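Given below as structure tokens:
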């Protein structure tokens with residue numbers, strides 16, 4: 698098939714219409730998932746088994762099953778229960794957008810919870826004991842000692858989770874949502890040119906994730922003042938990329 702720059706350009710323009718929906722799914726699912734993940738992380742570090750066990754089971758279930766299966770269960774499976782169809786949740790559960798958003802949020806919460814748990818446990822115990830010895834309240838201890846250091850430790854792993862969630866929004870196309878991949882599938886059914894269409898879609902996802910990775914690299918750079926004189930944000934991002942190769 699001959700190379701057609703005009704077709705690539707028209708395809709690229711058509712796919713841009715799916716970016717707002719993809720970003721909405723990514724941003725809102727990450728926001729909801731972060732709140733849920735923080736609660737799960739606190740439950741995981743708790744010494745009370747009745748808090749730790751439910752969080753452990755939740756994380757095991759959502760990390761151990763494919764995201765696509767979770768989307769199908771929420772979108773297709775929950776409608777089989779008459780109680781849900783007559784509940785106040787049904788106006789949301791019957792909509793593909795809310796089902797995709799819920800599945801993405803629940804999934805990222807499981808992964809983010811373990812990242813946050815690792816960050817919380819990375820804070821030296823000596824600092825916590827010293828703060829308690831000074832009579833520091835628990836809320837103040839979290840705000841001034843634990844949270845700032847935990848954020849530094851978990852940010853590299855959390856940035857990778859955000860990138861994964863941006864890519865995972867493509868699975869929303871399987872339940873009729875017309876985001877980037879959904880529009881791409883529609884164009885392929887009309888033009889029978891999958892290589893060019895998916896190449897354009899991949900370029901859009903690559904650009905979105907590149908911007909997200911650089912933003913997180915900038916945040917990391919701002920949280921380490923001692924590194925500002927020797928390393929730029931781009932250097933930190935490049936170093937992370939080398940470690941994952």
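Numbering (our numbering), first residue to last: 698 to 942.
Every residue, glycine too, gets a C-beta built ideally from N, C-alpha and C.
Note that this is a predicted model, so its numbers are computed, not measured.
Spatial distance of residue 878 from residue 817 (CA atoms): By one-based count along the chain shown, residue 878 stands at place 181. By one-based count along the chain shown, residue 817 stands at place 120. Cα to Cα, the separation comes out at about 37 Å.
Proximity winner among 824, 854, 832, 850, relative to residue 842 (alpha-carbon distances): By one-based count along the chain shown, residue 842 stands at place 145. Checking every option, the nearest Cα to that of residue 842 belongs to 824.
Local conformation of residue 702 per DSSP, three classes: Within the chain shown, residue 702 is the residue found at index 5, counting from 1. Residue 702 falls in the helix class under three-state DSSP.
Contact between the segment 840–857 and the segment 760–771 (3+ Cβ pairs under 8 Å): Result no; under three Cβ-Cβ pairs closer than 8 Å.
Residue 774, enclosing alpha helix (DSSP H) - first and last residue: Your numbering for residue 774 matches position 77 in the chain shown. Secondary structure note for residue 774: it is in no alpha helix (DSSP H), with a DSSP letter that is neither H nor E.
Contacting residues, own chain, Cβ-Cβ under 7 Å from residue 727 (five flanking each side not counted): Taking the chain shown and counting its residues from 1, the one referred to as residue 727 is at position 30. 805, 859, 862.
Cβ neighbour criterion (16 or more within 10 Å) applied to residue 732: The sequence position of residue 732 within the chain shown is 35, counting from 1. Within 10 angstroms of the beta-carbon of residue 732 lie fewer than 16 other beta-carbons, which makes it exposed.
Residue 759 vs residue 803 beta-carbon contact at 8 Å: For this step, residue 759 is matched to residue 62 along the chain shown. For this step, residue 803 is matched to residue 106 along the chain shown. Between residue 759 and residue 803, the gap from beta carbon to beta carbon is short of 8 Å.
For residue 708 and residue 884, believed in contact at Cβ under 8 Å, the rounded distance: Looking up residue 884 in the chain shown gives position 187. Looking up residue 708 in the chain shown gives position 11. Going by Cβ atoms, the distance from residue 884 to residue 708 rounds to 6 Å, so yes, they are a contact pair.
Three-state class that DSSP yields for residue 742 in the structure shown: Locating residue 742 in the chain shown gives position 45, where the first residue counts as 1. In the structure shown, residue 742 sits in coil (DSSP, three-state: anything other than H, G, I, E or B).
Segment contact, 8 Å Cβ cut-off, at least three pairs: the segment 893–901 with the segment 742–754: Too few Cβ pairs lie closer than 8 Å, so no.
Straight-line gap, residue 917 to residue 900 (C-alpha atoms, nearest Å): In the chain shown, counting from the first residue as 1, residue 917 sits at position 220. In the chain shown, counting from the first residue as 1, residue 900 sits at position 203. Near 26 Å, if we compare the C-alpha coordinates of residue 900 and residue 917.
Classification of residue 829 by the beta-carbon crowding that lies within 10 angstroms, buried from 16 upward: For this step, residue 829 is matched to residue 132 along the chain shown. Counting Cβ neighbours within 10 Å, residue 829 comes out exposed, since fewer than 16 surround it.
Residue-level contact to chain C via CB, residue 791, 8 Å cutoff: The structure shown has no chain C; it contains just one protein chain.
Member of 909, 819, 872 whose CA lies at the smallest distance from the CA of residue 774: By one-based count along the chain shown, residue 774 stands at place 77. Among 909, 819, 872, the Cα nearest to that of residue 774 is on 872.
Local conformation of residue 821 per DSSP, three classes: Position 124 of the chain shown, counting from 1, holds the residue named residue 821. In the structure shown, the three-state DSSP call for residue 821 is coil.
Where residue 737 falls, given that 16 or more other Cβ within 10 Å makes a residue buried: Here residue 737 refers to the residue found at position 40 of the chain shown. By the neighbour-count rule (16 or more Cβ atoms within 10 Å), residue 737 is buried.
Contact check, residue 771 vs residue 799, beta carbons under 8 Å: Here the question's residue 771 lines up with position 74 in the chain shown. Here the question's residue 799 lines up with position 102 in the chain shown. Annotated as proximal: residue 771 and residue 799, with beta-carbon spacing under 8 Å.
Assigned exposure category for residue 812 - 16 Cβ within 10 Å defines buried: Within the chain shown, residue 812 is the residue found at index 115, counting from 1. With 16 or more Cβ atoms within 10 Å of its Cβ, residue 812 is classed as buried.
C-beta contact flag for residue 880 and residue 715 at 8 Å: Numbered from its first residue, the chain shown carries residue 880 at position 183. Numbered from its first residue, the chain shown carries residue 715 at position 18. Yes, Cβ-Cβ distance for residue 880 and residue 715 is below 8 Å.
Distance CB(residue 876)-CB(residue 722) smaller than 8 Å: Residue mapping note: residue 876 aligns to position 179 of the chain shown, counting from 1. Residue mapping note: residue 722 aligns to position 25 of the chain shown, counting from 1. It is a contact, given that the beta carbons lie within the stated cut-off.
Separation of residue 801 from residue 780, as counted between CA atoms: Reading the chain shown from its first residue, position 83 is the one you call residue 780. Reading the chain shown from its first residue, position 104 is the one you call residue 801. For residue 780 and residue 801, the distance between alpha carbons rounds to 24 Å.
Coarse secondary structure for residue 917, derived from DSSP in three states: Taking the chain shown and counting its residues from 1, the one referred to as residue 917 is at position 220. Three-state result, residue 917: helix.
Whether residue 869 touches residue 797 by CB criterion (8 Å): Start at 1 with the first residue of the chain shown, and residue 869 comes out as number 172. Start at 1 with the first residue of the chain shown, and residue 797 comes out as number 100. Yes.
Reduced DSSP secondary structure (H/G/I, E/B, other) of residue 715: For the purposes of this step, residue 715 is taken as the residue at position 18 of the chain shown. Under the three-state reduction of DSSP, residue 715 is assigned to coil, being neither helix nor strand.
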